[in-house]
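In the numbering used here, the protein residues as written are 20 to 218. All residues carry an ideal CB built from backbone N, CA and C; glycine is no exception.
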């Protein structure tokens, strides 16, 4: 009589990527960079030129980790549920903290920050609400929203003048519009996922 086949669960676990990987490490690094970035930005009321420049550098580095971690995870098959949840949280901490800091410094209208925060907090709550039925991956619109937000924040970190100020405002408007539209889209996708799971 042949030996019984080993349980499929063991094989499943062996095929599942470990959460201890480079993409997740980059995401965690981005989380650690958030308080450093905010401290540099608000230091001396945002008027310290050197600190402001370093804040921009840290923000760019954090933004690069956002681009690299997801691409690396997909190419090397290192996508994990941990990463799918932590990555958007790190994104929201970075952009949300930047918007709050810029509004606190009086450089950005508070209503813009409120719109951004309501959308991001709402999506985070939705993620945990539907996690029992599945994880909703980032959509192309969501990625475009993140890119627009990151670019808008970077432009507000830099000492711009003339026509570039108009460009900066235009990018911010695009970011706000995408934030609202993708928030509505995410709500619809979460509702459909829940409905499908119940059926």
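Next on the checklist: Pop quiz: residue 169 and residue 187 are said to be a contact at Cβ under 8 Å. What is the actual Cβ separation, rounded to whole angstroms?
Outcome noted: The pair is not a contact, with the Cβ atoms about 13 Å apart (cut-off 8 Å).
Next on the checklist: At 4 residues or longer, what runs of the alpha helix (DSSP H) sit wholly inside the region 104-146?
Outcome noted: Whole alpha helix (DSSP H) segments, 4+ residues: zero.
Next on the checklist: Tell me the rounded alpha-carbon separation between residue 115 and residue 135.
Outcome noted: 7 Å
Checklist entry - How about residue 82 and residue 113: do their beta carbons lie closer than 9 Å? => result yes
Item to check | Close beta carbons around residue 124, own chain, < 8 Å, minus the five adjacent residues each side | outcome: 60, 61, 64, 65
Item to check | Same chain, Cβ closer than 7 Å to residue 110, five either side skipped, listed in chain order | outcome: 85, 165
Checklist entry - In three-state terms, what does DSSP make of residue 213? => result helix
Checklist entry - Is residue 139 buried or exposed, if buried means 16 or more other CB atoms sit within 10 Å of its CB? => result Here residue 139 is buried. Its C-beta has 16 or more other C-beta atoms within 10 Å.
Item to check | Backbone CA spacing between residue 204 and residue 107 [nearest angstrom] | outcome: 16 Å
Checklist entry - Any C-beta of chain D sitting closer than 9 Å to the C-beta of residue 202? => result No chain D is part of this structure, which consists of one protein chain only.
Item to check | Cβ shell of residue 190 (< 7 Å), same chain only, five flanking positions each side left out | outcome: 167, 170, 171, 174
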